[in-house]
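Just below is one structure, and these are the notes that go with it.
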Amino acid sequence: MDIVITHEGTDFDGLASMIAVKKLYPIAVPVFPGSLSNQVKDFMALFKDQFRVLRPKDINFDEVKRIIMVDTKNPARVGPFRDLLFDEEISKIVYDHHILDEYSFNFKFVDFTSPVGATTTILVKRIQLEEIPITPTEATLFALGIYHDTGCLIYNTTTPLDAEMVAFLLRNGANLSVIEEFVEFSLNEAQQEVLNVLLDQIEHETIHGLRVDIYSAVLDEYLLGVNNIIHKLRDIREADLYFVIVEMVGRVLVVARSEVETVHLGQFLEPLGGGGHAGAASTMIKKAKLEDIKAKIIEMLHNRIQIPRMARDIMTTPVKTVQPNATIQQAEEIMLRFGHSGLIVSDETGIKGIFSRRDLDKLKKHDMNDAPVKGYMTRKVVSISSQTPVSEIQRLMVGHDIGRLPVVDDNGELIGIITRTDLLKTLYGEEITERQSHYGSSLVEVEPKQYNIIQRLEQTSWEYFDLFCKIRDLSKKMNITSFLVGGFVRDILLYHSSQDLDIVVEGDGIEFAKELQRLLGGKLDTHPEFGTATLEFENYHLDIVTARVEYYEYPAALPQVEPSLLKQDLYRRDFTINSLAISLGQERFGWLVDFFGGKDDLELGIIRGLHSFTFIDDPTRILRGIKFAVRFDFKIEEETDMLIHQAVQYGVFKELKGPRFFDELKNLLMEEKEINVFKYLEEYGILKEISSQLELNEDQWKQLRFLEVKIKLFVNEICYDKDQVNLQRWLLSLMVIFAHLNEEEKERIGAYWNFSQVQLSRLRFSGERAKNLNETLQRPELSPSEIYDLLQPLHYEELVYLLLINDSSLILERVLDYSQRLKRIEIEISGKDIICLGFFPGPCFKEVISKVKAAKLDGLLKDRQEELEFVKAYFKEKEGGVK
Numbered sequence: 107m108d109i110v111i112t113h114e115g116t117d118f119d120g121l122a123s124m125i126a127v128k129k130l131y132p133i134a135v136p137v138f139p140g141s142l143s144n145q146v147k148d149f150m151a152l153f154k155d156q157f158r159v160l161r162p163k164d165i166n167f168d169e170v171k172r173i174i175m176v177d178t179k180n181p182a183r184v185g186p187f188r189d190l191l192f193d194e195e196i197s198k199i200v201y202d203h204h205i206l207d208e209y210s211f212n213f214k215f216v217d218f219t220s221p222v223g224a225t226t227t228i229l230v231k232r233i234q235l236e237e238i239p240i241t242p243t244e245a246t247l248f249a250l251g252i253y254h255d256t257g258c259l260i261y262n263t264t265t266p267l268d269a270e271m272v273a274f275l276l277r278n279g280a281n282l283s284v285i286e287e288f289v290e291f292s293l294n295e296a297q298q299e300v301l302n303v304l305l306d307q308i309e310h311e312t313i314h315g316l317r318v319d320i321y322s323a324v325l326d327e328y329l330l331g332v333n334n335i336i337h338k339l340r341d342i343r344e345a346d347l348y349f350v351i352v353e354m355v356g357r358v359l360v361v362a363r364s365e366v367e368t369v370h371l372g373q374f375l376e377p378l379g380g381g382g383h384a385g386a387a388s389t390m391i392k393k394a395k396l397e398d399i400k401a402k403i404i405e406m407l408h409n410r411i412q413i414p415r416m417a418r419d420i421m422t423t424p425v426k427t428v429q430p431n432a433t434i435q436q437a438e439e440i441m442l443r444f445g446h447s448g449l450i451v452s453d454e455t456g457i458k459g460i461f462s463r464r465d466l467d468k469l470k471k472h473d474m475n476d477a478p479v480k481g482y483m484t485r486k487v488v489s490i491s492s493q494t495p496v497s498e499i500q501r502l503m504v505g506h507d508i509g510r511l512p513v514v515d516d517n518g519e520l521i522g523i524i525t526r527t528d529l530l531k532t533l534y535g536e537e538i539t540e541r542q543s544h545y546g547s548s549l550v551e552v553e554p555k556q557y558n559i560i561q562r563l564e565q566t567s568w569e570y571f572d573l574f575c576k577i578r579d580l581s582k583k584m585n586i587t588s589f590l591v592g593g594f595v596r597d598i599l600l601y602h603s604s605q606d607l608d609i610v611v612e613g614d615g616i617e618f619a620k621e622l623q624r625l626l627g628g629k630l631d632t633h634p635e636f637g638t639a640t641l642e643f644e645n646y647h648l649d650i651v652t653a654r655v656e657y658y659e660y661p662a663a664l665p666q667v668e669p670s671l672l673k674q675d676l677y678r679r680d681f682t683i684n685s686l687a688i689s690l691g692q693e694r695f696g697w698l699v700d701f702f703g704g705k706d707d708l709e710l711g712i713i714r715g716l717h718s719f720t721f722i723d724d725p726t727r728i729l730r731g732i733k734f735a736v737r738f739d740f741k742i743e744e745e746t747d748m749l750i751h752q753a754v755q756y757g758v759f760k761e762l763k764g765p766r767f768f769d770e771l772k773n774l775l776m777e778e779k780e781i782n783v784f785k786y787l788e789e790y791g792i793l794k795e796i797s798s799q800l801e802l803n804e805d806q807w808k809q810l811r812f813l814e815v816k817i818k819l820f821v822n823e824i825c826y827d828k829d830q831v832n833l834q835r836w837l838l839s840l841m842v843i844f845a846h847l848n849e850e851e852k853e854r855i856g857a858y859w860n861f862s863q864v865q866l867s868r869l870r871f872s873g874e875r876a877k878n879l880n881e882t883l884q885r886p887e888l889s890p891s892e893i894y895d896l897l898q899p900l901h902y903e904e905l906v907y908l909l910l911i912n913d914s915s916l917i918l919e920r921v922l923d924y925s926q927r928l929k930r931i932e933i934e935i936s937g938k939d940i941i942c943l944g945f946f947p948g949p950c951f952k953e954v955i956s957k958v959k960a961a962k963l964d965g966l967l968k969d970r971q972e973e974l975e976f977v978k979a980y981f982k983e984k985e986g987g988v989k
């Protein structure tokens, strides 16, 4: 186990450096060694779902093999990890910007110290050089780390590289609104004195539920740095709007800051000659008096403040809840289905508590899946009304360090819920809401990445690329977002051809499909209950899906469907390699979106499931996983492999309807890699699920190994009419493995899988019938007509099966002779010819024609005349009583 640690009293440079290290060392686990600074504590209260950092109690110290230490190299500052630094069995790496003697601490480490303003700078430079993608949320944190340790780039320890990396982070979406909220500004002595005066002169107003703090002072001389003072006031007091009004040397300075979106301060101060942006603005008014300006501002506030956004505007409804007596496992299944990190626990009497993802993880360590939720939920629930302003919601979440607030009506009834994600989306925009922590009982780290692969898209056929461009243009026109997903994306990344066109729409997929049909034509089929549509064209068809989340009421059930966004839609899929999407939107056209590491798994050749219930929900995913493993020669990842074993032992296939199982098995066998397929099926115990009698012996494995050879021999060398051969290889492989089953078992499986009579007859042939026929064909005295009679009723699969079960050259010669010569021999006379000879139609006609055919097969008749003479002789003997 690799861990990343920093110093106790973790500041933003320490936190940012730990998260940056994880970008460079993906398997490393960040761990706080002890306490956090107040600013970091507040930041993590909002962003803990985005940045997963453990505590020492969450890890096993005995499993630690490597320590990556950031922003310090002093063992005295790493709390409980001190002793591990002196363990010679554990390797150590240090990233630091403090220039200290590495030997002064008496432990060995690989040193990456550099004399820059912040440790984060060193790590971000490596991320830049290695071209590792970062999200806007990560860029924001990294910028906070650099700003914190460089005093917003003004400390004398700041270097050009610090500034360069801040610019790099801003280009990658670092959010200055977040940075401004959490960065700390220091005051000089004069500014501190003015701060104290302002605190004594504070006035409070409450307007439309917003808290407004107005600070005022008259100064004898001009003061620089009032911006720093207002930042410090925001740290000291909590309000929605802050105004500092200072009169100095004949002029009045007004500086304002806003924590809410309902007041655009730049526009607000325009009548006073000021300007700025929505969250910060200022103005300088000459020849004015403080009291006059303050009165004017208060009047403007009452007249111009809009009603702020409230809980009812941003809450999620309806709310997924769980009963107090529900088990831990049931709660986990609900979280998993909907991507939630917590649930409201309630019954008919109201809200009883909240059960979080973290509670769940603790209990799973102790194998308590069957324990009731009520014993482990958080009972102290902070709820809000639908009229609670967003600013108050933020204060409650940060102050109580909670991730979700139930919204209740006047009677205490639950009407909605607001999560950290809802709040962050409201405050800072969509791009900052990406999660990087584990998604329920996920098998993947949710770390969104994007790659420009427009060239791969352009390398598809002209017809496809033209289609993608039309979808892009229509998406812009309808103001929706569309993505190419699934097998097509996977296959073009593997440089395989593909006709599997699936489009996911964040919006109304059916309406989008109707508009696309108006544009392109084609035959449209819609399925409103699933939010899907299919457009059929001459050379391909297009599946269009409304982004949705699926869940399963019980194992092997068909999915229930609810609308969702792209991330949840991709998360409902089977494996990471199938969870990739390509944007077909106007601005990011041709960009690959990868939430779950699918691109890396493609490059590493790994089949990895997305979550621990994936095979319980849908057992056919097991067969699909095997299919992709054998098709691409990929390896099934260790935890996914374990979950497949567990699911089969759990009996998931018993709940699966036979035809659905057979369809997936048939698709798997059509990969035409029988040895690998049946090895997987045997290893996972799936053959025993088909039949308790099913166990392959050495002869059957040998037959499977030679299946392709015998088919090619038959088609290319034996069959005269090879262009007409329609040999079903998948069915032939089932004949091989079913050979030793008794007839009753074959009938049972055939009925369960809803086999046709033709398919069932092939299964019946394998076994005793084929064995007896094989023995008969080896008799040396057989005539050509007898060989013909034995082989003529057989279908292609049955003929090849005879070649598989015996290496006899005699049988090969006889099958070859039948296929190339005997099968082509036709008699030249018909019943009409026999009538012309003067004989009356009757049962004897069939008999004589059969005898003519046998005689010709045996070489006794050469032409039509000899056939007619044979018929005359036959009836002459018949009339004479000769049999």
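Our numbering numbers the first residue of the sequence shown as 107 and each following residue consecutively. We put the CB at the ideal spot given by N, CA and C, even for glycine. The model shown is predicted, which means the values in this text are computed figures rather than measured ones.
query	result
Exposed or buried, what is Thr-227 when buried is set at 16 or more other beta-carbons lying within 10 Å of its beta-carbon?	buried
Got a sec, what are the start and stop residues for the beta strand (DSSP E) Trp-859 sits in?	Trp-859 -> no beta strand (DSSP E), and no H or E assigned at all.
Which first and last residues belong to the alpha helix (DSSP H) in which Val-782 is found?	Checking the sequence, you will find Asn at residue 782 rather than Val. Its alpha helix (DSSP H) spans residues 780–789.
On the three-state DSSP scale, how would you describe Asn-558?	strand
Are the CB atoms of Val-736 and Asn-803 within a distance shorter than 9 Å?	no
Can you find the residues in the same chain that come closer than 7 Å, C-beta to C-beta, to Glu-745, ignoring five residues on each side of it along the sequence?	Leu-549
Quick one: residues in its chain with C-beta nearer than 6 Å to the C-beta of Ser-543, no 5 flanking neighbours on either side, listed in chain order?	Because Ser-543 carries a pLDDT of 35, less than 50, the predicted location of this residue cannot be relied on, and the following value inherits that uncertainty. The answer, listed in chain order, is Asp-155, Arg-158.
Looking at Ala-362 and Val-352, is the spacing between their C-beta atoms short of 9 Å?	no
Based on the DSSP output, what are the partners of Arg-418 in its beta bridges?	Paired residue(s): none; Arg-418 is not in a bridge.
Can you give me the Cβ contacts of Asn-912 inside the same chain, cut-off strictly under 6 Å, excluding the 5 residues immediately before and after it?	Asn-880
Pull up the CB-CB distance for Thr-225 and Tyr-253, whole angstroms please, since I reckon it's below 8 Å.	Between Tyr-253 and Thr-225 the Cβ distance is about 13 Å, and since that is not below 8 Å, they are no contact.
Sort out for me which residues DSSP pairs Met-390 with in a bridge.	Leu-359
With DSSP run on the structure shown, which of helix, strand or coil describes Gly-448?	strand
DSSP state of Met-474, grouped into three classes?	coil
Any idea what DSSP makes of Arg-172, helix, strand or coil?	strand
Hey, how far is the Cα of Lys-400 from the Cα of Arg-418?	33 Å
Taking a contact to mean a Cβ-Cβ separation below 9 Å, would you say Val-360 touches Ser-388 in this structure?	yes
Can you tell me which residues form a DSSP beta bridge with Trp-568?	DSSP lists no partner for Trp-568.
Do you know whose CA, among Glu-770, Gln-834, Leu-833, Ile-728, lies nearest Tyr-786's CA?	Ile-728
Using the Cβ count rule (16 or more neighbours within 10 Å means buried), how would you classify Lys-733?	buried
Would His-113 be called buried (16 or more neighbouring beta carbons within 10 Å of its own) or exposed?	buried
Is DSSP giving Ala-323 helix, strand or coil here?	strand
With DSSP run on the structure shown, which of helix, strand or coil describes Arg-188?	helix
Tell me which residue opens and which closes the beta strand (DSSP E) that Gly-715 is part of.	Note, Gly-715: premise wrong, no beta strand (DSSP E); not H, not E.
Can you list, in chain order, the residues of its chain with a C-beta nearer than 8 Å to that of Leu-339? Leave out the 5 residues immediately preceding and following it.	Leu-301, Leu-304, Leu-305, Asp-319, Tyr-321, Tyr-348, Val-350
From Ile-688, Leu-708, Leu-749, pick the residue whose C-alpha is nearest to that of His-717; which is it?	Leu-749
What is the DSSP secondary structure of Val-655, counted as helix, strand or coil?	No answer about Val-655 holds up, because its pLDDT of 46 lies below 50 and its placement is not dependable.
At what residue ranges does the stretch 733–781 contain a whole run of the beta strand (DSSP E), taking only runs of 3 or more?	none
Is Met-124 closer than 9 Å to Ile-133 when the C-beta atoms are compared?	no
Out of Glu-932, Leu-888, Ser-872, which one is the CA nearest neighbour of Leu-910?	Ser-872
Grouping DSSP H, G and I as helix and E and B as strand, with all else coil, what is Ile-688?	strand
Closest to Ala-151 by CA distance: which of Ile-508, Leu-837, Asp-649, Leu-626 is it?	Ile-508
Leaving aside the five residues before and after Met-474 along the sequence, list all residues of the same chain whose C-beta is less than 7 Å from its C-beta, in chain order.	Ile-434
Let's test the definition: count the other Cβ atoms within 10 Å of the Cβ of Asn-278 and tell me whether it reaches 16, buried, or not, exposed.	buried
Going by Cα to Cα distance, which pick from His-446, Phe-618, His-751 is closest to Val-428?	His-446
Can you grab the Cα-Cα spacing for the pair Phe-192 / Asn-684, in whole Å?	45 Å
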